[in-house]
Amino acid sequence: MGRTRTRRGKMTGLLVALIGLVAGVVSGLFGVGGAVVIVPALVLLAKLPQHVANGTSLASLLLPVGLLGALEYYRRGQINIAYAAIIAVGLFVGAFLGARLAGGMSDITLRRTFGGFLLLVAGKLLFS
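Per our numbering, the very first residue in the sequence shown carries number 658; after that it's consecutive.
The following block contains the structure:
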């Protein structure tokens with residue numbers, strides 16, 4: 658229960674490991690959540706439905722998300738602990754609310770919403 662199998666294709670362990678490795682490097686390098694890499698990779702490369710990609714991404718990020726990267730930034734004195742704690746509370750509540758919202762969307766609407774979000778962020782970073 659709680660596991661979803663997809664008929665759209667099977668991922669190899671190597672592909673999944675590579676997605677995780679790339680997401681980890683991007684997270685550590687740019688300080689972004691791994692979902693920016695994981696979700697598009699699961700949809701485009703592994704052919705998972707958007708909802709399954711989102712759920713898989715959240716499940717994979719539960720424990721390891723940023724732990725070693727954060728320790729390295731902490732070692733260098735490059736973390737604002739108070740801000741991190743406040744953001745973590747928002748993430749805790751926000752992830753639940755976002756999952757509830759996503760559950761009410763069609764797969765294509767969710768995919769387009771995610772793509773639009775990525776475009777907005779990219780545009781802001783490139784042009785400001």
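Where a beta carbon is used, it is the ideal one built from N, C-alpha and C, also for glycine. On a predicted model such as this, the values are computed, not experimentally measured, just so you know.
Taking Cβ positions, are residue i and residue j nearer each other than 8 angstroms?
| i | j | result |
| --- | --- | --- |
| Ser714 | Leu702 | no |
| Arg757 | Gln707 | no |
| Val694 | Val683 | yes |
| Asn711 | Ala759 | yes |
| Gly726 | Gly685 | yes |
| Gly670 | Gly681 | no |
Taking just the CA atoms, how far does residue j sit from residue i?
| i | j | result |
| --- | --- | --- |
| Ala752 | Val689 | 16 angstroms |
| Val679 | Asn737 | 26 angstroms |
| Gly761 | Leu754 | 11 angstroms |
| Phe784 | Val750 | 31 angstroms |
| Arg732 | Ala741 | 15 angstroms |
| Thr770 | Leu728 | 33 angstroms |
| Phe687 | Tyr730 | 12 angstroms |
| Arg739 | Gly772 | Sequence inspection shows Ala at residue 739; the Arg mentioned does not correspond to that position. About 31 angstroms. |
| Leu672 | Ile743 | 35 angstroms |
| Leu775 | Thr766 | 14 angstroms |
So, helix, strand or coil for residue i, using DSSP?
| i | result |
| --- | --- |
| Lys781 | helix |
Please determine, among the options, the residue with the shortest C-alpha to C-alpha distance to residue i.
| i | options | result |
| --- | --- | --- |
| Ala745 | Gly723, Glu729, Ser763 and Ser717 | Gly723 |
| Ala674 | Val750, Gly780, Ser717 and Leu754 | Ser717 |
| Leu748 | Thr770, Leu719 and Tyr731 | Leu719 |
| Pro721 | Gly677, Gly772, Thr766 and Phe774 | Gly677 |
| Leu705 | Asp764, Lys781, Gly773 and Arg732 | Asp764 |
- Item | Whole alpha helix (DSSP H) elements within the stretch 688–769, 4-residue minimum | The qualifying runs are 692–701, 707–718, 724–732 and 738–760.
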